[in-house]
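Participant: Chains as they are written, first to last, in our numbering: chain A, 7 to 256; chain B, -11 to 167.
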Amino acid sequence: MTDSLREALRQAAADGVPQGSDVTGQDLLQRGRNRARFRRISGTTVGGLALAALVSIPFVATSSSSSDGDGDADQDDSPSVTVAERPMRTVGGNGCGSIDDYEDWTRPVVSRTDVGTTVVLLSPDGTTWAMCIGDDAADMATFATGSRVADDPGLNWVRVLFWNDDCVTGVDEQVCSWGAAGQTPPDVARMTFESPDGRTSDATVQDGFFAWQSEVDEIDVFNQPLWLTLYDADGAEVDRLNANRHPGGW
Amino acid sequence: MGRSYDEEYVEFADAALPRLTRTAYLVCADRHRADEAAQQALIKLYLAWPRVQRRDGLMPYARRTVLRSLIDEARRPWRRELADSDLLETLDQPQPDSFGRIDERVELVRALQRISARRRACIVLRYFDDLSVEETAGVLGCSVGTVKSQTARGLRDLRVALESVGVTRIRIGKEVLAT
């Protein structure tokens, strides 16, 4: 005798989660009320804290001399460029808020693609850069991150690789995508990213920074190498390296 | 006089919690995480109740929130490593009990964890929650075509995973797994 998948799933779920949870709707109501109260109390300070965190984020890129922290540096075969050991710290899911919150910051790069818009922001004193992604440059509520500007990005090349797999659960009908942003190494005029699914596209390179974002068919590619090729102004290849130092996320 | 906002919420939460917990359990194979994900989803629902009730629909919102929280959590390296090592160890050493079927259902839940999150979500929504292709697409926020293709690939992956541990009595599609 056989069971249909439907019936087998029902029985498996019942085995794992028998009826009779101790938690009731009344309990959840109370927790929801508490959460709402906390939101009201803390809501007015969140915006200020997010901006403060952004400005005070420590420098996280590593120099070439210290890039052997996780043993993968040699795989890059990259004498002139170092991929950051760790990604930028996320300021917060809504850290960018309205991009008007950064009114005084300049925008070296505003890159619009089919996937969305990536904006690189530079602080008024030129010491800190940040990145926001979203559907529209006017309301960049999706992501924020940043780092101090490196004096010599050839040795301390700062970059961040991010990806969005909210497409899995369909949040706001987002597509699967990944991208990168950061400082452009010196003498580099063009940057090309080559995804494992065969997509190849150029980053927007401008004023010492770059931004790149691309759709993917399957989130499986996030576990695979993302090959980045750098070219100089004459079109000659400067370097080629795997920019996906943190396969699968962090 | 109509019922209050809170009364409506409590009634909905009491009815939805067991179902959401079971959906979460099939997605993550961990009772405690499933409890937490379902409860957190319903708390978020409370905070967004008027908007969700008006615009999104209560159960689709709750399901979407549960799936999102589980998948976000699975992306954290420490969580992922634990789940993978647990899973592989178990799948490599199946130990059938004398009743067989209980054992196969345990293997089914474990096998689900071996397929990608999106495909797993499609299978659970389609075959456990009995959602239509259109409803599944609504919860996952993708096209009907994506749901169809991901479900088909998920069933294929699930079949392979079950065969590898000798599960023989669960019909997937019209096929019965070979003995």
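Note that CB positions come from ideal geometry on N, CA and C, so glycine has one too.
Would you report the Cα separation of residue 145 of chain B and residue 23 of chain A, rounded to the nearest angstrom?
Facilitator: As a working note, residue 145 of chain B is residue 157 in the second sequence. As a working note, residue 23 of chain A is residue 17 in the first sequence. Cα to Cα, residue 145 of chain B sits roughly 25 Å from residue 23 of chain A.
Participant: Quick one, which of B:153, B:18, B:26, B:19 has its alpha-carbon nearest residue 3 of chain B's?
Facilitator: The count along the second sequence starts at 1 and reaches residue 3 of chain B at position 15. Nearest C-alpha to residue 3 of chain B: B:26.
Participant: Residue 124 of chain A bridges to which residues according to DSSP?
Facilitator: As a working note, residue 124 of chain A is residue 118 in the first sequence. Paired residues: A:117, A:139.
Participant: Between residue 81 of chain B and residue 10 of chain A, what straight-line distance do the alpha-carbon atoms span, to the nearest angstrom?
Facilitator: Position 93 of the second sequence, counting from 1, holds the residue named residue 81 of chain B. Position 4 of the first sequence, counting from 1, holds the residue named residue 10 of chain A. With a pLDDT of 38 at residue 81 of chain B, under the threshold of 50, the modelled position of that residue is not reliable, and no figure is offered here.
Participant: Establish whether the CB of residue 150 of chain B and some CB of chain A are separated by less than 7 Å.
Facilitator: For the purposes of this step, residue 150 of chain B is identified with residue 162 of the second sequence, where counting begins at 1. Residue 150 of chain B does not count as touching chain A.
Participant: Anything in the region 94 to 107 of chain B with a Cβ closer than 8 Å to a Cβ of chain A? List those residues in chain order, please.
Facilitator: Cβ contacts with chain A: 94, 96, 97, 104, 105, 106.
Participant: Have a look at the DSSP bridge pairing and note the partners of residue 129 of chain B.
Facilitator: For the purposes of this step, residue 129 of chain B is taken as the residue at position 141 of the second sequence. Answer is none; residue 129 of chain B lacks a bridge partner.
Participant: What residue range does the alpha helix (DSSP H) around residue 211 of chain A cover?
Facilitator: Position 205 of the first sequence holds residue 211 of chain A. No alpha helix (DSSP H) contains residue 211 of chain A, which is instead part of the beta strand (DSSP E) from 210 to 212.
Participant: Among the candidates B:126, B:96, B:0, whose CA atom is the shortest distance from the CA of residue 20 of chain A?
Facilitator: In the first sequence, counting from the first residue as 1, residue 20 of chain A sits at position 14. With distances taken between Cα atoms, residue 20 of chain A lies closest to B:96.
Participant: Check whether the Cβ atoms of residue -2 of chain B and residue 31 of chain A lie closer than 7 Å to each other.
Facilitator: Counted from its first residue, the second sequence places residue -2 of chain B at position 10. Counted from its first residue, the first sequence places residue 31 of chain A at position 25. Yes, Cβ-Cβ distance for residue -2 of chain B and residue 31 of chain A is below 7 Å.
Participant: Taking residue 30 of chain A as the query, report the chain B residues whose CB atoms sit under 7 Å from its CB, ordered along the chain.
Facilitator: Position 24 of the first sequence holds residue 30 of chain A. Correct list: 2.
Participant: Exposed or buried, residue 169 of chain B, counting other C-beta atoms within 10 Å across all chains shown (16 or more means buried)?
Facilitator: No information on residue 169 of chain B is available, as it lies outside the stretch -11 to 167 that chain B covers here.
Participant: I'd like the span of the beta strand (DSSP E) that includes residue 244 of chain A, first residue to last.
Facilitator: For the purposes of this step, residue 244 of chain A is taken as the residue at position 238 of the first sequence. It spans 243 to 248 - the beta strand (DSSP E) in which residue 244 of chain A sits, taken as one unbroken run.
Participant: State buried or exposed for residue 112 of chain A, treating a residue as buried only when at least 16 other CB atoms are found within 10 Å of its CB.
Facilitator: Counting from one through the first sequence, the residue named residue 112 of chain A turns up at place 106. Counting Cβ neighbours within 10 Å, residue 112 of chain A comes out exposed, since fewer than 16 surround it.
Participant: Beta carbon of residue 91 of chain B: closer than 6 Å to some heavy atom of the ligand HEM?
Facilitator: Among the components of this structure there are no ligands whatsoever, and the ligand HEM is therefore not found.
Participant: Under a CB-based cut-off of 7 Å, is residue 124 of chain B close to chain A?
Facilitator: The residue you call residue 124 of chain B lines up with position 136 of the second sequence. So no, residue 124 of chain B is outside the interface.
Participant: Using three-state DSSP, classify residue 109 of chain A as helix, strand or coil.
Facilitator: Within the first sequence, numbered from 1, the residue matching residue 109 of chain A stands at position 103. Three-state result, residue 109 of chain A: coil.
Participant: Does any CB atom of chain A fall closer than 7 Å to the CB of residue 117 of chain B?
Facilitator: Along the second sequence, one-based indexing puts residue 117 of chain B at 129. Output row for residue 117 of chain B: interface = no.
Participant: At the level of alpha carbons, what is the spacing between residue 154 of chain B and residue 57 of chain B?
Facilitator: To locate residue 154 of chain B, count along the second sequence from 1; it is residue 166. To locate residue 57 of chain B, count along the second sequence from 1; it is residue 69. One C-alpha to the other measures close to 32 Å.
Participant: Just tell me which of A:39, A:133, A:122 has its CA closest to the CA of residue 218 of chain A.
Facilitator: For the purposes of this step, residue 218 of chain A is taken as the residue at position 212 of the first sequence. When each option's Cα is compared against that of residue 218 of chain A, the closest is A:122.
Participant: According to DSSP, which residues form a beta bridge with residue 109 of chain B?
Facilitator: As a working note, residue 109 of chain B is residue 121 in the second sequence. None, per the DSSP bridge assignment.
Participant: Quick one, which of B:-7, B:116, B:124, B:48 has its alpha-carbon nearest residue 11 of chain B's?
Facilitator: On the second sequence, position 23 is the one that residue 11 of chain B refers to. It is B:116.
Participant: For residue 249 of chain A versus residue 195 of chain A, is the C-beta spacing smaller than 7 Å?
Facilitator: Numbered from its first residue, the first sequence carries residue 249 of chain A at position 243. Numbered from its first residue, the first sequence carries residue 195 of chain A at position 189. No, they are not a contact pair.
Participant: Please tell me whether residue 9 of chain B has its Cβ less than 7 Å away from any Cβ of chain A.
Facilitator: Residue numbering aside, residue 9 of chain B sits at position 21 when the second sequence is read from its first letter. Output row for residue 9 of chain B: interface = yes.
Participant: State yes or no: is the beta carbon of residue 113 of chain B nearer than 7 Å to at least one beta carbon in chain C?
Facilitator: The displayed structure is made up of protein chains A and B, and chain C is not among them.
Participant: List, in order along the chain, the chain A residues whose C-beta lies closer than 9 Å to that of residue 5 of chain B?
Facilitator: Numbered from its first residue, the second sequence carries residue 5 of chain B at position 17. Neighbours of residue 5 of chain B on chain A, chain order: 27, 29, 30, 31, 34.
Participant: Rank B:1, B:100, B:0 by C-alpha distance to the C-alpha of residue 15 of chain A and give the top, closest one.
Facilitator: Translated into the one-based positions of the first sequence, residue 15 of chain A becomes position 9. Comparing Cα positions, the closest option is B:100.
Participant: Between which two residues does the alpha helix (DSSP H) harbouring residue -3 of chain B extend?
Facilitator: Locating residue -3 of chain B in the second sequence gives position 9, counting from the first residue. Residues -7 to 16.
Participant: May I ask which residues mark the beginning and end of the beta strand (DSSP E) holding residue 188 of chain A?
Facilitator: Residue numbering aside, residue 188 of chain A sits at position 182 when the first sequence is read from its first letter. Where residue 188 of chain A is concerned, the enclosing beta strand (DSSP E) stretches over 183 to 189.
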